[in-house]
Structures are given as structure tokens and as C-alpha cells.
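Undergrad: In this note's numbering, the protein residues as written are 20 to 333.
Following this message is one structure expressed as C-alpha cells.
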Amino acid sequence: EGEQYAQIVTLFDRLDYLANFNNELVFCMAVEKLMEVEIPERAEYIRVILCELNRIASHFLFYGTMGMDAGASTPILYGFRDREKIQSVFESVSGARMMHNYFRIGGVKEDLPTDFFEKIYWLIDEIKKGVDQADSLLSFNEIFLNRTRNIGLINAEDAIDYGLTGPNLRASGVSYDLRKNDPYSIYERFDFDIPVGDRGDVWDRYFVRVQEIRESVKIIEQALKQIPDGEIAANVRRIARPPEGDIFVHAENPRGDFGVYLVSDGSDKPYRLKIRPPSFCNLMALRHMMRNAYVSDAVMILGSIDIVLGEVDR
Numbered sequence: 020e021g022e023q024y025a026q027i028v029t030l031f032d033r034l035d036y037l038a039n040f041n042n043e044l045v046f047c048m049a050v051e052k053l054m055e056v057e058i059p060e061r062a063e064y065i066r067v068i069l070c071e072l073n074r075i076a077s078h079f080l081f082y083g084t085m086g087m088d089a090g091a092s093t094p095i096l097y098g099f100r101d102r103e104k105i106q107s108v109f110e111s112v113s114g115a116r117m118m119h120n121y122f123r124i125g126g127v128k129e130d131l132p133t134d135f136f137e138k139i140y141w142l143i144d145e146i147k148k149g150v151d152q153a154d155s156l157l158s159f160n161e162i163f164l165n166r167t168r169n170i171g172l173i174n175a176e177d178a179i180d181y182g183l184t185g186p187n188l189r190a191s192g193v194s195y196d197l198r199k200n201d202p203y204s205i206y207e208r209f210d211f212d213i214p215v216g217d218r219g220d221v222w223d224r225y226f227v228r229v230q231e232i233r234e235s236v237k238i239i240e241q242a243l244k245q246i247p248d249g250e251i252a253a254n255v256r257r258i259a260r261p262p263e264g265d266i267f268v269h270a271e272n273p274r275g276d277f278g279v280y281l282v283s284d285g286s287d288k289p290y291r292l293k294i295r296p297p298s299f300c301n302l303m304a305l306r307h308m309m310r311n312a313y314v315s316d317a318v319m320i321l322g323s324i325d326i327v328l329g330e331v332d333r
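Set out below in C-alpha cells:
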């Protein structure tokens, strides 16, 4: 609340180091809606592509750490390998592997590099190979199934009562995804499925994320076919001054429903800025998931929620 609007974007990178683009997007959308700014089509597509790559990178890291939590050291090598390929594309686009500070109020900082499409089609092929390898290596491994099936259970009703969102909610059988149920940006233009689980155990929370990687690839492929030429940013004053008012905007980040409540008094700084973080809210269900579990299962259950403590302790 002590920073100008343009200075705040980079702070959203630091809330969740695995959801940089997704978090930048929500803040920018909140300011843009208050200012009634129309975003150029090309910028919208760039945002979607980067947000979905962000989701995939986050889920690859989750895959690796889940394997590590179960005592398998190989998956973490695969997870970091595939995530690193995505990070290299992020670096070519934004100039930074992490903490990108790339989205702007009204669009994005700069256009895609000239070799982006060559890189992204190569990357999509690598992601498809990577998720297939990950799936075959870990998903139905007998030891992994014994460590994850019927452990950390939470049913759909309790998941809703605890305020779970994102993959953790969908793992309990609730087909709810903001990209489908409350579309933002241009997500209504894309055809994709919402993976759901049937038990709400550790394995469901793991496998929903593996399936989501494939769905994100579908979205990216459609966006690449549809992306137009044109401007990458609206004509917005460098020092933004949204009119007086308040607004709540939320979006589906890799961990769930990430929301921003913004109050403007007409100045160049927010009067109030409240964040609704998915990790913090999802963590509230941990005690319920731990019921009747062994101490040795605690790490698996906590890991399956996929929290980022920087966002929890914001």
C-alpha cells in the first residue's frame, strides 16, 4: 500500500516463486478492470501461454518432490530436468528465470523474442515426453501406491467446507476450475478438460496435477494457433491512477484460487490491497487430512497439498 501500482507487480512474483506469471496476472487484471482498460489480443494470448507454462513447471516440480517424499530419488531429477527447459524459455522471454516482472498494467513488457515459436514447439514436444515418462515411472509404482492410496483422505463436502481450491479440491471429486467456471482473460476460447479425483487422497492430489500438465499443453497449443499480430500493451499512463472504487479479481494459479481485493482512492497507490492466497487456505485442511494417519505419512500428506510457504507467510 506504500508503492505505486507499477512497482507492485514485481512483489507478486515473490509471493509464490512457482506461480510468478499467474500472480502478476491477477494484480494487473484488478487494476485494469478498475481503469476499464482493454487489453490487446496479442498480449492476452502471451499471458495465457506463459501462465500455463508456469502451471506445468510448478506441477513438474511437485511431481519430483512427491517422489522424493516417498523415498524415490529418481523423480526429482526428471522433474527438475523438465522444469529447467521451461525456465529457459521464461528467461528468453522476460530476461529472468524467476521473478520475471514481465506483465504490465495494460499488457506485457515487451513482445516475444523472434525465436520464441521455434523454442515453444520444441518445448511442447519435450513436455509431452516428460509427462509420459513421469507417469510411467511413478504414478502406478506399487510402493508409491502403497504410500499414497487411502491416505490423507478428504471428501468433497469437507473439502468445500475447508475452503480448498485448485487441484486439492478437484482431487476430492469437485469439478471446479476458475478457467472454466468463472472464465477470465480469454480462457473461454479454449477447449480443455478438468481432471478430477474420486477419493481425495494423496494419490488423487498427485495424479490430478499430472493430468493437468496435459490439459495445459492443450491450451498452449490452441493459443499458439490463434495468437494474432498486433500491439502488446494498451496506452496506459506510466503512473496509473485508477478511479475511486474497489474490486475483487481471482484466477486459477497452480495451487488454486488466488484472489486480490483492491481498493483505490484515486491516487497512484492502493488505499487497500488484500490477497486471498490458495496455499494458506489449503493448509487449513491439513489437520483433517492427518486424522488416523501414521506419523510416517505426515510428510506425504503435507507434500500433497503443495504449499509455498512464502505465500502462506506473506
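Quick reminder that beta carbons are idealized off the backbone N, C-alpha and C, glycines included.
Let's test the definition: count the other Cβ atoms within 10 Å of the Cβ of Ser194 and tell me whether it reaches 16, buried, or not, exposed.
TA: With fewer than 16 Cβ atoms within 10 Å of its Cβ, Ser194 is classed as exposed.
Undergrad: What are the partner residues of Gly264, as DSSP defines its beta bridges?
TA: Bridge partners of Gly264: Ser283.
Undergrad: Note down the Cα distance separating Gly264 from Phe277, rounded to an integer number of angstroms.
TA: Distance between the alpha carbons of Gly264 and Phe277 is about 21 Å.
Undergrad: Is the beta carbon of Arg168 closer than 8 Å to that of Met319?
TA: In this structure, Arg168 does not lie closer than 8 Å to Met319 by Cβ.
Undergrad: Assign Glu20 to one of two classes, buried (16 or more other C-beta atoms within 10 Å of its C-beta) or exposed (fewer than that).
TA: Exposed is the call here.
Undergrad: Could you give the distance in angstroms between the alpha-carbon of Lys288 and the alpha-carbon of Ala259?
TA: For Lys288 and Ala259, the distance between alpha carbons rounds to 8 Å.
Undergrad: Helix, strand or coil for Asn254 per DSSP?
TA: Asn254: coil per DSSP, three-state reduction.
Undergrad: Have a look at Pro59 and Asp32 and give me their C-alpha separation to the nearest angstrom.
TA: Each residue's Cα considered, the two are about 23 Å apart.
Undergrad: Along the chain, where does the beta strand (DSSP E) that runs through Ile294 open and close?
TA: Note, Ile294: beta strand (DSSP E), Arg291 to Arg295.
Undergrad: Look at the alpha carbon of Pro186 and the alpha carbon of Ile213, and state the distance between them as a whole number of angstroms.
TA: Using only the alpha carbons, I get a separation of about 10 Å.
Undergrad: What are the residues that DSSP puts in a beta bridge with Gly21?
TA: Partner(s): none; Gly21 has no beta bridge.
Undergrad: Counting along the chain, where does the alpha helix (DSSP H) carrying Glu57 start and finish?
TA: No alpha helix (DSSP H) holds Glu57; DSSP gives it neither H nor E.
Undergrad: Is His307 helix, strand or coil by DSSP?
TA: Correct three-state label for His307: helix.
Undergrad: Taking the alpha-carbon of Ser113 as reference, which of Ser286, Tyr140, Asn73 and Lys244 has the nearest alpha-carbon?
TA: For the residues Ser286, Tyr140, Asn73 and Lys244, the minimum Cα distance to Ser113 belongs to Asn73.
Undergrad: In the DSSP assignment, find the alpha helix (DSSP H) that holds Arg198 and state where it starts and stops.
TA: Segment Leu197 to Asn200, the alpha helix (DSSP H) holding Arg198.
Undergrad: Pick helix, strand or coil for Glu234, following the three-state DSSP scheme.
TA: Glu234: helix per DSSP, three-state reduction.
Undergrad: Spatial neighbours of Cys300 within its chain, please: C-beta separation below 6 Å, excluding the five flanking residues on both sides.
TA: Around Cys300: Gly182.
Undergrad: By DSSP's criteria, His269 is part of a beta bridge. Which residues make up the other side?
TA: The partner list for His269 (beta bridge, DSSP) reads Gly278.
Undergrad: Rounded to a whole number of angstroms, what is the C-alpha to C-alpha distance between Lys293 and Ile27?
TA: C-alpha separation (whole angstroms): 13 Å.
Undergrad: How far does the alpha helix (DSSP H) with Pro247 in it reach, from first residue to last?
TA: Premise fails: Pro247 is in no alpha helix (DSSP H) and is neither H nor E.
Undergrad: Run the proximity test for Gly171: is its beta-carbon closer than 7 Å to any non-hydrogen atom belonging to the ligand GDP?
TA: Of the ligands one can find in the structure shown there are none, so the ligand GDP has no counterpart to examine.
Undergrad: Looking at C-beta atoms only, is the number of pairs between the region 84-96 and the region 140-148 that lie closer than 8 Å three or more?
TA: Segments in contact, no.
Undergrad: Could you tell me which residues DSSP puts in a beta bridge with Val127?
TA: In the DSSP output, where bridge partners are listed per residue, Val127 has Phe122.
Undergrad: So the candidates are His78, Phe135, Leu53 and Ala91; which of them puts its Cα closest to the Cα of Ile17?
TA: With the chain running from 20 to 333 in the structure shown, residue 17 is simply not present.
Undergrad: Look up Val50 in the DSSP assignment and say whether it is helix, strand or coil.
TA: DSSP places Val50 in helix when its eight states are reduced to three.
Undergrad: Enumerate, from N- to C-terminal direction, the unbroken beta strand (DSSP E) stretches of 3 or more residues contained entirely within the region 141-197.
TA: Here no run is fully enclosed.
Undergrad: According to DSSP, simplified to helix, strand and coil, what is Tyr313?
TA: Reduced to three states, the DSSP call for Tyr313 is coil.
Undergrad: Express the C-alpha separation of Glu57 and Asn311 in angstroms, rounding to a whole number.
TA: Taking the straight line from one Cα to the other gives about 52 Å.
Undergrad: When DSSP labels each residue in this structure, what does Met85 get in the three-state scheme?
TA: Looking at Met85 - three-state DSSP - the assignment turns out to be helix.
Undergrad: Thinking just about the alpha-carbon of each residue, which of Asp101, Pro297 and Arg61 is nearest to the one in Ile75?
TA: Selected option, being the one with the closest Cα: Asp101.
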